[in-house]
Amino acid sequence: MAFPGANESISGASSPQRKIGRGKIEIKRIENTTNRQVTFCKRRNGLLKKAYELSVLCDAEVALIVFSSRGRLYEYANNSSWFVRYIDLILDEYNRLLTSQLETQRQYSESLLAEAKSKVDSSVSEAVEKAVTSGLQDTEDKLEKCIEERNGVAEVRKEV
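The opening residue of the sequence shown carries number 85 in our numbering; numbering runs sequentially from there.
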């Protein structure tokens, strides 16, 4: 007895709405912070589970270290003595690199701040110079008018 559509599903010509399994996702940064955090937690747990399975199935020494974007540390080791020997070295190197990076960022920020202060000081100096020059020019113009008026008054007195 044949079922309707049995041949179609075997040949792959079934309806496009039927989909078995998971679809592929594009591997790129997740912009939504909530979705990113949920994905991180799920994938971190999956990764820890895979590390455990690998250690049990293959009798392998496995150590896994994951740092979240917030700086939290997640770790797994099937052989704690092995892990303890190397984790301190790894974490020391991570902290050294982090400190170095922070120092570099601090120096860069300080240089930007010094440059901005210099530009502000330069702009203020230019504005003061412009204001003083403009004020002096106005005073000179007024003085010249006063001199002209005085000379005019002196000429009128001579005539009188």
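Even for Gly, the Cβ is constructed at its ideal location relative to N, Cα and C.
Determine the contact status of residue i and residue j, defining contact as a CB-CB distance below 9 Å.
| i | j | result |
| --- | --- | --- |
| SER139 | VAL146 | yes |
| TYR160 | TYR178 | no |
| LEU157 | LEU131 | no |
| ASN116 | ALA144 | no |
| VAL150 | ARG128 | yes |
By Cβ distance below 6 Å, which residues in the same chain neighbour residue i in space, the five residues on each side in sequence not counted?
| i | result |
| --- | --- |
| LEU120 | Before going on, a small fix: residue 120 reads as Arg here, not Leu. Once the five neighbours on either side are set aside, the close Cβ partners of ARG120 are ILE114. |
| VAL216 | none |
Give every residue of the same chain whose Cβ lies closer than 8 Å to the Cβ of residue i, excluding the five residues on either side of it in the sequence, and list them in chain order.
| i | result |
| --- | --- |
| ILE174 | ILE149 |
Measuring alpha carbon to alpha carbon, tell me which of the options ends up nearest residue i.
| i | options | result |
| --- | --- | --- |
| ILE111 | ILE104, SER218 and THR123 | THR123 |
Grab me the residues of residue i's own chain with a C-beta within less than 7 Å of its C-beta, minus the 5 sequence neighbours each way, in chain order.
| i | result |
| --- | --- |
| SER209 | none |
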